[in-house]
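Novice: So in our numbering, the last spot in the sequence shown is 155, and the numbers never skip. Backbone N, C-alpha and C define an ideal beta-carbon position, used for all residues, glycine too. Keep in mind it's a predicted model, so treat the numbers as computed, not measured. My questions will all concern the structure given below.
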Amino acid sequence: MQLEIRPDPAEVGRARRWARSRLAGSGIGADEPLAEILILLVSELVTNAVVHTGCPAVLRLSLPGAEAAEEAIVRLEVADRSDRAPVPRCVDGESTGGRGLALVDGLADRWGWSAEGAGKRIWCELDRCAQEPDTGRPCGGDTAAAYEGLAYEAV
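Written as structure tokens, this is what we have:
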């Protein structure tokens, strides 16, 4: 599944709504921590593409089917036409931006990027498996724990 993204900040909200609508047939409940983390990652990666490149982008989402949802990998990719590499930044507590890639690094089980033609592709993956026996939380490392306490306004 993919969505074309224009270089317009309003596209970030549209990308979140699109991703939420795709969760319905995946077996991932909209109220699960995994779903909220996925939407936050969509928001961060699309924002980076829109704000830092000024180029159109393509959001790709690979979700499991409902029958395979208990143990699956969810993959999110954003491809854009900019050849500028993504660079994690160190910011102070007063900065209002610059934390996106650190957030991706903290929430995703894996992430990276690669050059693609005249542009690049940034991707991240979340692991989904049956409930952890001792915690009752979905698997995926500390992804659910990393999400706890983050304020996120759904738009």
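Check whether the segment 31 to 48 and the segment 98 to 115 are in contact - that is, three or more C-beta pairs closer than 8 angstroms.
Specialist: Touching, yes.
Novice: Assign A108 to one of three DSSP states: helix, strand, or coil.
Specialist: Residue state, collapsed to three classes: coil.
Novice: Taking L59 as the reference, which of R128, L126, I122 has the closest Cα?
Specialist: Measuring from the Cα of L59, the nearest candidate turns out to be I122.
Novice: Kindly indicate which residue of A115, R6, V46, I37 has the alpha-carbon position closest to the one of V78.
Specialist: Of the candidates A115, R6, V46, I37, the one whose C-alpha sits nearest the C-alpha of V78 is V46.
Novice: Once you ignore the five residues that flank D8 on each side, which residues in its own chain have a CB closer than 6 angstroms to its CB?
Specialist: Same-chain partners within the cutoff: there are none.
Novice: For D83, does the count of other Cβ atoms within 10 angstroms reach 16, so buried, or fall short, so exposed?
Specialist: D83 is exposed by the Cβ-count criterion.
Novice: Would W18 pass as a contact of L3 if the rule is Cβ separation under 8 angstroms?
Specialist: Yes, Cβ-Cβ distance for W18 and L3 is below 8 angstroms.
Novice: For K120, collect the residues of the same chain with a Cβ closer than 6 angstroms to its Cβ; drop the 5 residues on either side in sequence, then sort them by chain order.
Specialist: Excluding residues within five positions, the ones whose Cβ falls inside 6 angstroms are W113.
Novice: If you count every other CB in all the chains shown that lies within 10 Å of the CB of V51, and 16 or more means buried, which is it?
Specialist: The residue is exposed, with fewer than 16 neighbouring Cβ atoms inside 10 Å.
Novice: Let me know if S21 comes out buried or exposed under the rule of 16 or more other beta-carbons within 10 Å of its beta-carbon.
Specialist: So S21 ends up on the exposed side.
Novice: Can you have a look at D105 and say buried or exposed, based on whether 16 or more other CB atoms are within 10 angstroms of its CB?
Specialist: D105 should be labelled exposed.
Novice: Cα separation between T53 and C124?
Specialist: Their backbone Cα atoms lie some 19 angstroms apart in a straight line.
Novice: So what's G100 in DSSP terms, helix, strand or just coil?
Specialist: Reduced to three states, the DSSP call for G100 is helix.
Novice: If you check the beta carbons only, do L126 and V74 fall under 8 angstroms apart?
Specialist: Against a cut-off of 8 angstroms, the Cβ pair of V74 and L126 comes out as a contact.
Novice: What's the gap between the Cα of G156 and the Cα of I5?
Specialist: In the structure displayed, the chain extends from 1 to 155; residue 156 sits before or after that span and is not available.
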